[in-house]
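In this text, residue positions in the sequence shown follow this note's numbering: the first is 5, and each later residue adds one.
By construction, the Cβ of each residue, glycine as well, lies at the ideal position given by its N, Cα and C atoms.
Everything below concerns the one structure shown next.
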Amino acid sequence: MLQETLHVLEFNKVVSLLGLFTVTVPGKALTLALRPLQEREAVHASLQRVEEARAVREDKGTPPLGGSHDLHETLDRAKTEGVWLSAAALLEVAESLDAARACRGYFGNEAMAPLLAADVGELQLLAELREQIKASIGPAGDVLDEASWRLSDLRSQIKVLRGRIRAVLESMLSNSDYDGVFQDQIVTDRNGRYVVPVRADYRGRVKGFVHDESSSGQTLFIEPAAVLERNNTLQSLRREEQREIERILLELAAMVGEARGPLRRNQEILAQLDFTCAVARFAELTKACAPQLTTKRQLELREVRHPLLLLGSDGRPRAQKTVAIDLRLGKKHDTLIISGPNTGGKTVALKTVGLLFLMVSAGLPIPCHPHSRVYLFSRVFADIGDEQSIEENLSTFSGHLLRMRRILEQVDGDSLVLLDEAGTGTDPAEGGALALAVMDRLRAIGARTVVTTHLNMIKSCAYLESRVENAAVEFDPETLAPTYRLHYGVPGASSAFTIARNMGIPAKVLDRANQYLGSEERDGLAMVEQLNQVQNRLEQQLREAEELRNEAAAEQRKRLKLLKDFEAQREKLLDKARRRAEQLVNETQGKMKKLLKQARDMQGGDGRQQAELMRQVRESREELPTPVEVKRQRHAPDQLSEGELVRVVALNAEARVERLSGDEVELNVNGKVMRLPLSALEAFSPRRFAEAKTKRGGTKSQVDRSRFNPRLDVVGCRVEEALPQVERLIDDALLNNWKDISVVHGRGTGALRQAIQELLAHHRAVTSFHAADNAHGGTAVTEIELGD
Numbered sequence: 005m006l007q008e009t010l011h012v013l014e015f016n017k018v019v020s021l022l023g024l025f026t027v028t029v030p031g032k033a034l035t036l037a038l039r040p041l042q043e044r045e046a047v048h049a050s051l052q053r054v055e056e057a058r059a060v061r062e063d064k065g066t067p068p069l070g071g072s073h074d075l076h077e078t079l080d081r082a083k084t085e086g087v088w089l090s091a092a093a094l095l096e097v098a099e100s101l102d103a104a105r106a107c108r109g110y111f112g113n114e115a116m117a118p119l120l121a122a123d124v125g126e127l128q129l130l131a132e133l134r135e136q137i138k139a140s141i142g143p144a145g146d147v148l149d150e151a152s153w154r155l156s157d158l159r160s161q162i163k164v165l166r167g168r169i170r171a172v173l174e175s176m177l178s179n180s181d182y183d184g185v186f187q188d189q190i191v192t193d194r195n196g197r198y199v200v201p202v203r204a205d206y207r208g209r210v211k212g213f214v215h216d217e218s219s220s221g222q223t224l225f226i227e228p229a230a231v232l233e234r235n236n237t238l239q240s241l242r243r244e245e246q247r248e249i250e251r252i253l254l255e256l257a258a259m260v261g262e263a264r265g266p267l268r269r270n271q272e273i274l275a276q277l278d279f280t281c282a283v284a285r286f287a288e289l290t291k292a293c294a295p296q297l298t299t300k301r302q303l304e305l306r307e308v309r310h311p312l313l314l315l316g317s318d319g320r321p322r323a324q325k326t327v328a329i330d331l332r333l334g335k336k337h338d339t340l341i342i343s344g345p346n347t348g349g350k351t352v353a354l355k356t357v358g359l360l361f362l363m364v365s366a367g368l369p370i371p372c373h374p375h376s377r378v379y380l381f382s383r384v385f386a387d388i389g390d391e392q393s394i395e396e397n398l399s400t401f402s403g404h405l406l407r408m409r410r411i412l413e414q415v416d417g418d419s420l421v422l423l424d425e426a427g428t429g430t431d432p433a434e435g436g437a438l439a440l441a442v443m444d445r446l447r448a449i450g451a452r453t454v455v456t457t458h459l460n461m462i463k464s465c466a467y468l469e470s471r472v473e474n475a476a477v478e479f480d481p482e483t484l485a486p487t488y489r490l491h492y493g494v495p496g497a498s499s500a501f502t503i504a505r506n507m508g509i510p511a512k513v514l515d516r517a518n519q520y521l522g523s524e525e526r527d528g529l530a531m532v533e534q535l536n537q538v539q540n541r542l543e544q545q546l547r548e549a550e551e552l553r554n555e556a557a558a559e560q561r562k563r564l565k566l567l568k569d570f571e572a573q574r575e576k577l578l579d580k581a582r583r584r585a586e587q588l589v590n591e592t593q594g595k596m597k598k599l600l601k602q603a604r605d606m607q608g609g610d611g612r613q614q615a616e617l618m619r620q621v622r623e624s625r626e627e628l629p630t631p632v633e634v635k636r637q638r639h640a641p642d643q644l645s646e647g648e649l650v651r652v653v654a655l656n657a658e659a660r661v662e663r664l665s666g667d668e669v670e671l672n673v674n675g676k677v678m679r680l681p682l683s684a685l686e687a688f689s690p691r692r693f694a695e696a697k698t699k700r701g702g703t704k705s706q707v708d709r710s711r712f713n714p715r716l717d718v719v720g721c722r723v724e725e726a727l728p729q730v731e732r733l734i735d736d737a738l739l740n741n742w743k744d745i746s747v748v749h750g751r752g753t754g755a756l757r758q759a760i761q762e763l764l765a766h767h768r769a770v771t772s773f774h775a776a777d778n779a780h781g782g783t784a785v786t787e788i789e790l791g792d
């Protein structure tokens, strides 16, 4: 039954199409012998290999399989000892090994194609055999001089002797004593011996042996006696040459015979690769993919197309557009009844289900949505078509019954059954009843069944059986043409009157036919028509909603892209700013080092100049961009201190806190005093304080190194008083080239210590700081290490 099913579902036509895309004889033979596989693992592996081949083809182009030949006869001949192979056959062996070597490199990427890489990993390159053949046989299939030293020597002798013979004969042709004797001034060959063309009436002028004559009898081809001995020697050398060639071919044939096992396995692998690449090409042209294999006995074929409607018999894509359909079976329903008008696509839908299932079972991808799901039934049966059997004296109905009997004899619970036009070919009532009984039997066995019909009796089954579902083939009443889409949950009207009107049947005839319909039948047809119209409207609304959803998704993707582009531009600008900041840091640090060196060189000199230099150092340090992002944050009243610097939000200006008063603060903004609420201010993080001034209004920065005290005591000072002293300590230390200093701040509440350490954490001159050990004050003292 399988062979008949493969035929009616046109599986052989798909196989023939695949054969067009093969490039080797063994690959084509393997393809044309394709049948559904038995094991789920084999199906999965085949589908995965095809996906790998598509990926490799996309990355590397056409696979290098063209040099692989059919070696069956050659290898069968080589297994017989003492039999030599022709040079052409040996050359095919070498070229097949070249193809194996090329495929190793083409498919060898384990990351991209793990299964195919494993396959080509089994190829045996047989480098010694390949090189020996290519060293002995030329590209044109001739045995090369280099095949053996003896052959090279013989051919050298033959070349020299041929030259001497030709020289003698050409001398005769040009000799004036023979004027008019020769028909042409050429040296030719007869039976491997050099001869000259002599006029028949001058036969006696040239002594020698006649080897041939022209068709007219006017020219004799004579081997002159002067070259007879040399021609004999030439013939002897040529026989020796042939014996040496046969010895070489026999030796190479023996090598092929010893390697015939690996060579056969190579051919099997290359044929399989050729088949896989042909399927990959077919998948590319039909936009096919591998569906998901499920262990549940159901089919969910989404957006499927019949492959023979996509490609012509020549393998080229068809011009007309093919409508994708959805087919589902087995999830909630065991039986699907497809109904609708003639020429509406019912049989095409049925064949599509069967053919695509067979293709997946054979390890082939199908034209479908990748989320399609296919269960691998162990058997598939099909009763499609109404061919009468003249030989068996069977009518259309009898043919259906015969096929139905065979199905019932073999079907089991793991079968897929396809019945086209169930119940036709006889009285509709009896035929419909018989079809329903067969459907009941198949459902009781557990088989999954797809049925096409025109009979209302069969369509109504879906309303009586919960495991049976109707599907209508869509028919456009405006264009009076089928759309081929399936609507689930409603039966399809046959639309016989509509189609008849479209085909030109007179209106009076159609009106009369309508009178023959009973009122119940007319009402039933009208109800089906209304259901189909409602279904069409609902699906149109769903399509419009889907379009809106897709448009919204596209807009969202567009916005995300804009955001991504903005972030990329922002990152680019930040990177540019960072590089500029690094440049400024390097320039400013160089300037600071230069100023510090000048200040140190003035040790003991003019204090005012030294103070001015230190002021410039501090200003340069303040100009340095901080690597830490400045975060602005609101502070509660008890977090601000007098002398602290804040930002006035409305003015975007910096101000000094002069006095705190509840929820208000008295500020100095560029010399002007104002009162503002805390909510109008932002503090800096880290906190910043205005520099305290000395009584003399100047800043003393220079001290003698001998008088410099690296230990500063700020116990009892407020934060705004202590921080400027710490900064001056650091400046003095830098000026005096002092690396280790310390600040005594006491323990107390820890606020002073925290403020000092926060200042140190962001000071560029500070390399590290930590609490002193217990012997030197512990947490009441912070020890500081300075850099250059």
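Item: C-alpha gap between HIS337 and VAL357, whole angstroms; Value: 16 angstroms
Item: In DSSP terms, what GLY358 is bridged to; Value: Answer by DSSP bridge pairing: none, since GLY358 is not bridged.
Item: Of the residues VAL719, GLU648 and ARG722, the one placed nearest ASP687, counting alpha carbons only; Value: The question names Asp, but residue 687 in the sequence shown is Ala. For the residues VAL719, GLU648 and ARG722, the minimum Cα distance to ALA687 belongs to GLU648.
Item: Range covered by the beta strand (DSSP E) that runs through LEU649; Value: 648-652
Item: Where GLY720 sits in the DSSP three-state scheme; Value: coil
Item: Three-pair Cβ contact test at 8 angstroms for the segment 232-251 versus the segment 61-76; Value: no
Item: Residue burial classification, ALA46 (beta-carbon count within 10 angstroms, cutoff 16); Value: exposed
Item: Own chain, CB closer than 7 angstroms to GLU8, minus 5 neighbours either side, in chain order; Value: none
Item: Assigned exposure category for PHE213 - 16 Cβ within 10 Å defines buried; Value: exposed
Item: CB of LEU303 within 8 angstroms of CB of LEU267, strictly; Value: no
Item: Limits of the alpha helix (DSSP H) - the one that ILE273 falls within; Value: 264-290
Item: Bounding residues of the beta strand (DSSP E) (the contiguous stretch that carries ASP667); Value: Here ASP667 belongs to no beta strand (DSSP E), and DSSP marks it neither H nor E.
Item: Contacts around SER50, its chain only, beta-carbon distance under 6 angstroms, and the 5 residues preceding and following it disregarded; Value: GLY367
Item: Residues that GLN587 bridges to, as DSSP identifies them; Value: None, per the DSSP bridge assignment.
Item: For LEU716 and SER746, the rounded distance between their alpha carbons; Value: 6 angstroms
Item: Status (buried if at least 16 other CB within 10 Å, exposed otherwise) for LEU65; Value: The amino acid occupying residue 65 in the given sequence is Gly; Leu does not appear at that position. Exposed is the call here.
Item: Candidates GLY429, LEU380 and THR453, of which the one nearest ILE411 by Cα; Value: THR453
Item: Through-space distance from ARG584 to PRO631, alpha-carbon basis; Value: Legend: pLDDT at PRO631 = 47, less than 50; position of this residue unreliable, no value from coordinates given.
Item: C-alpha distance - ASN195 paired with GLU227, whole-angstrom precision; Value: 11 angstroms
Item: Cβ separation of ILE449 and ASP416, assumed to be a contact under 8 angstroms, to the nearest whole Å; Value: 6 angstroms
Item: Short CB-CB distance (under 8 angstroms) between GLY435 and chain C; Value: Looking at the structure shown, chain C is missing, and only one protein chain is on hand.
Item: The segment 310-323 touching the segment 88-99, judged by at least three CB pairs closer than 8 angstroms; Value: no
Item: CB of LEU148 within 8 angstroms of CB of GLU248, strictly; Value: no
Item: Cβ contact (3+ pairs, closer than 8 angstroms) linking the segment 119-126 and the segment 75-86; Value: no
Item: Presumed contact (8 angstroms Cβ cut-off) between GLY23 and LEU6, rounded CB distance; Value: Actually they do not touch by this definition, with Cβ atoms about 20 angstroms apart.
Item: Rounded distance between the beta-carbons of LEU101 and LEU120, thought under 8 angstroms; Value: Not confirmed; about 19 angstroms, so no contact.
Item: C-alpha gap between ARG516 and LEU542, whole angstroms; Value: 34 angstroms
Item: Contact under 8 angstroms by Cβ, MET408 with ASP431; Value: no
Item: Residue closest to PHE361, alpha-carbon to alpha-carbon, out of CYS107, GLY427, ALA294 and VAL327; Value: ALA294
Item: Beta-carbon spacing of GLY791, ALA775 below 8 angstroms; Value: no
Item: Segment limits, beta strand (DSSP E) that includes GLY349; Value: Taken as a continuous stretch (DSSP letters only), GLY349 belongs to no beta strand (DSSP E), as it is neither H nor E.
Item: Beta bridge counterpart(s) of ILE141 as assigned by DSSP; Value: VAL147
Item: Reduced DSSP secondary structure (H/G/I, E/B, other) of GLN637; Value: With a pLDDT of only 46 at GLN637, under 50, the local geometry of the prediction cannot be trusted, and no value is derived from it.
Item: Residues near GLU150 in its chain [Cβ-Cβ closer than 7 angstroms; skip 5 each side]; Value: ALA139 and SER156
Item: Identity of the residue in PRO374, ARG264, LEU41 and ALA257 nearest LEU305 by Cα; Value: PRO374
Item: The beta strand (DSSP E) enclosing LEU420, as first and last residue numbers; Value: 419-423
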